[in-house]
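Beneath this line is the structure, given in structure tokens, with notes to follow.
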Amino acid sequence: MGKKFRFELLLLFAVFVIATCGLIYELVAGTLASYLLGDSVKQFSFIIGVYLFSMGVGSYFAKFIQKNLLKTFVEIEILVGLVGGLSSVVLYFLFENAASFQFVLYFLVFVTGCLVGLEIPLLMNILKDRVAFRDLVSNVFAFDYIGALLASILFPLFLMPHFGIMGTSLFFGMINVSIAIVLSFVLQNEVKRPRILQSKALISFTILAVSFLFSDRLLGLSEEKFYGENIIYTQATPYQRIVLTHQKSDYRLYLNNNLQFSSQDEYRYHEALVHPAMSMAPKIDHVLVLGGGDGLAVREVLKYRDVKSITLVDLDAGMTKLFQTNAILKGFNKNSLNHPKVTVLNQDAYIWSKANTKRFDVVIIDFPDPSNYSLGKLYALNFYQTLQKNLTENAVVVVQTTSPYFAPKSFWCIQKTIQHVFPQVDAYHAYVPSFGEWGFSIAINGFGTTFNTVYRTVQGLRFYTYQFDTMNQFPSDMMQKDVEINRLDNQILVRYFDEEWGRIQ
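One point on numbering: in UniProt numbering, the residue at position 499 of the sequence shown is 499, and numbering is uninterrupted.
In structure tokens, the structure reads:
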């Protein structure tokens, strides 16, 4: 009875491991897809759908496997570990080619799902003569679902911050194969030619272990190939992957492979973002910056001596800490995030704005583009209505609103949404060589000032001339489109953005 119990428990634990690892591999695939292809909700939805479908395919074909069930079960464990573990390595090296990336991505998801789908029917066939059917079904599915829960908790909270995407998949590949090694030795009297099975498992583990040990180098090679620039710093936070590159005199920051700024021309973007609002606001005592964890917008705000306090709200503590401590990056933002006037809060701006009771004279909103629904909510009508409660009378709000040339529907959608909340709203744009034409929306919470009013200026600007009317004229190819308001319940902006930028990428 004891041996039988240990046999059953060992196989059930193998199911637990396969379920955990299988979901981890899909989370890795979904994260990589959202990095390259954007719209994380859509990518995760597609990947989970393909994964579940392929599990069904695997379950169906399991009925054709009638011999050597235990040996096949162990081999599946090995294959799941190899395919899933090495998937991130393959996908990273295909990053620069979106078409090849998508084909291989969904192929690997399908293969992994089929293999995982095979294991439950096989296990039930192996144990059907040893365990009562009622206990067998409940135990197998209990271990399977518990493994999935563990994976979904571990991935965002522990694995991504500590191992990164590539390290996570390789690590769990080794766990998969480790179980296969244990099974191949413990059950060697119950399978044919166990040494061949053991050799397969040991060789597979060695491949994964070597890849894991050199994962940083493999990741560096793939990113150098993708960026085509010298990578001098990388960091994975719970929210994004940060990459800093250097080419001649140009430093570039990428977040999830999207260019955040180039040191050669970021002054154009940040002067256009900050100084119109700072010059036309009647008061600038208290300034709020939402997003902008690089501190570059804060750097521009600090040029005005009348500012008494600046509150920066950025979700990613890894981002703000990097720009508070890294010598190169502190040089770019003039150490602005360590200035005594600046308070850095690492919170979700949507939640923070609902709880905030302080009033601000100027709000600079520098969120990432609305490439997914979690970001799209920060451009929604409800958010701007909440934000209005955080403003003083005649406060000025400015929002980066993506490119009016490449994404005009997205640009004018944000503009129309803001117009629904504030009494005075205008749009303007600036040319930034690294990005092309880039747009902004600006709003006044009252009628005590106008867009052409200039209360104050600072010296030494390289781009902005305090002549706002030179920036709010739009040629016909950037003119307003027929768009809807972006609401929480439709998130039309994310669809506009995905449609427009999808044609370019």
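No residue lacks a Cβ here, since even glycine has one placed at the ideal position from N, Cα and C.
Note that the coordinates shown come from a computational prediction; the quantities given were computed from them, not determined experimentally.
- Unbroken beta strand (DSSP E) runs of no fewer than 3 residues, entirely contained in the stretch 271-345, are found at 286-291, 309-313 and 342-345, following chain order.
- A Cβ-Cβ separation of about 5 angstroms places Ser87 in contact with Leu108 under the 8 angstroms criterion.
- Counting C-beta pairs with one atom in each stretch, the stretch 59-67 and the stretch 182-189 have fewer than three that are closer than 8 angstroms, which means they do not touch.
- Secondary structure remark: continuous alpha helix (DSSP H) runs of at least 4 residues inside the stretch 107-154, in chain order: 133-154.
- The stretch 371-386 and the stretch 305-316 do not touch, with fewer than 3 CB-CB distances between them shorter than 8 angstroms.
- With a 10 Å radius around the Cβ and a threshold of 16 neighbouring Cβ atoms, Met479 comes out exposed.
- A straight-line Cα-Cα distance of about 15 angstroms links Val289 and Phe323.
- For secondary structure counted as the alpha helix (DSSP H) over 4 or more consecutive residues, the stretch 395-465 holds these complete runs in sequence order: 408-419.
- By the Cβ criterion, the stretch 273-293 is in contact with the stretch 352-368, since at least three pairs of Cβ atoms, one from each stretch, lie closer than 8 angstroms.
- Between the stretch 200-209 and the stretch 244-252, the count of C-beta pairs closer than 8 angstroms stays below three; the two stretches do not touch.
- The C-alpha of Pro368 is placed about 10 angstroms away from the C-alpha of Leu259.
- By the criterion of a C-beta distance shorter than 6 angstroms, Leu159 is surrounded in its chain by Thr168, once the five residues flanking it on both sides are discounted.
- In the DSSP assignment, Phe261 falls within the unbroken beta strand (DSSP E) covering Asn258 to Ser262.
- The continuous beta strand (DSSP E) containing Tyr254 extends over residues Asp250 to Leu255.
- Counting only runs of 4+ residues, the alpha helix (DSSP H) found wholly inside the stretch 184-246 occupies 194-213 and 215-227, in chain order.
- Its Cα nearest to that of Phe13, the residue Asn176 stands out among Thr72, Phe46, Ile365 and Asn176.
- Comparing C-alpha distances from Asn346 to each of Tyr464, Tyr239 and Phe155 shows the shortest one belongs to Tyr239.
- Secondary structure at Glu266: helix, using DSSP grouped into helix, strand and coil.
- Exclusion of the five residues before and after Val80 leaves Ile18, Cys21, Gly22, Thr112, Leu115, Val116 and Asn176 as the residues of its chain whose Cβ lies within less than 7 angstroms of its Cβ.
- Looking at the DSSP output, Ile365 shares a beta bridge with Leu290 and Val399.
- Boundaries for Thr470: no alpha helix (DSSP H) harbours it, and the DSSP string shows neither H nor E there.
- Leu391 has Phe360 as its beta-bridge partners, per DSSP.
- Met478 sits in a helix when the DSSP states are folded into three classes.
- By the C-beta criterion, the stretch 446-455 is judged not to be in contact with the stretch 495-503, since fewer than 3 inter-stretch pairs fall below 8 angstroms.
- Setting aside the 5 residues that flank it on each side, Val74 is surrounded in the same chain by Ala180, Leu183, Ser184, Leu187, Val191, Leu197 and Ala201, each with a C-beta closer than 8 angstroms to its C-beta; the list follows chain order.
- By the Cβ test, the stretch 470-478 is in contact with the stretch 414-429, since at least three Cβ pairs between them sit closer than 8 angstroms.
- For Phe171, the CB contacts under 7 angstroms within the same chain, skipping 5 residues up- and downstream, are Phe163 and Phe212 in chain order.
- Contact annotation: the stretch 480-492 touches the stretch 400-418, with at least three C-beta pairs closer than 8 angstroms.
- Taking a contact as a CB-CB distance under 8 angstroms, the pair Leu105 and Ala29 counts as one, their CB atoms being some 6 angstroms apart.
- Within the stretch 53-112, the complete alpha helix (DSSP H) segments at least 4 residues long are 69-93, listed from N- to C-terminus.
- Under the three-pair Cβ rule at 8 angstroms, the stretch 340-354 does not count as touching the stretch 258-274.
- Secondary structure at Gln43: helix, using DSSP grouped into helix, strand and coil.
- The C-beta separation of Gly295 from Asn256 comes to about 19 angstroms, leaving the pair out of contact by the 8 angstroms criterion.
- In the DSSP annotation of this structure, Ala380 is not part of any alpha helix (DSSP H), being labelled neither H nor E.
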